[in-house]
Structure formats: structure tokens, C-alpha cells
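The opening position of the sequence shown corresponds to residue 958 in our numbering, with each subsequent residue numbered one higher.
We put the beta carbon where it would ideally sit given N, CA and C, even for glycine.
Since this is a predicted model, take the numbers as computed values, not measurements.
A quick write-up on the structure given underneath.
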Amino acid sequence: MEGGTKMAERYDVAVRVISQDGTCVQEHKVGDEWIIRKQTPEGMCLSAFNALYPFMRVLMFGGAFPWDADPDVTTVACPDAKNPVVFELRRIRK
């Protein structure tokens, strides 16, 4: 694209449940995994997806978080404080 800006490379993101306390109403459990491409994956809690979305977008477009040792990985908890599910988000490098 001459004279324009180049789009950042887009990566898929793997989302995996790494811990779960209490009773998740979506019945998510440790080991559940989804690959995020361009839409909400089937079976993922929409509240959790909404909480994860900003972090997924950063990883999808090559960004990283300064508090994480690995620039391709971060962890995020769902918003249910009484029954927290913690997700690992991992950028899939091509």
C-alpha cells in the first residue's frame, strides 16, 4: 500500500483455563481451551470473553504487557470474584 500504513500482523490466541475455584456457572474447568481467531468461540462464557477481550487484542496484534516475563503469554481472571476462573492467553506465533 503505497503512501499508507501497513496493518500489523494478526496472530491467533490460545485461551486455556489454568485454575478454577468454586462453581463456574458455565462449567468451565482446568484444561478447557479455545483458539481465538475473529469471533467469540462456541462454549466460552460471554462475561469471561468480555473480560479477556482487551488482553486478547493486545496479543493478537503483537503487543505485550510489561508485567509478564513472556511477551507471548498473560493471565486474566473472569469477573466472578466468588467463583474465579483464571485463563492463560498465549499468542500463537506463525
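Local conformation of R973 per DSSP, three classes: strand
Nonlocal neighbours in the same chain, by C-beta distance under 7 angstroms from D978, ignoring five residues either side: N1040, P1041
Under 8 angstroms between C-beta atoms of V974 and A1008: no
DSSP-derived helix/strand/coil call for F1012: helix
Sheet register partners of T980 (DSSP bridge): Per DSSP, none; premise fails for T980.
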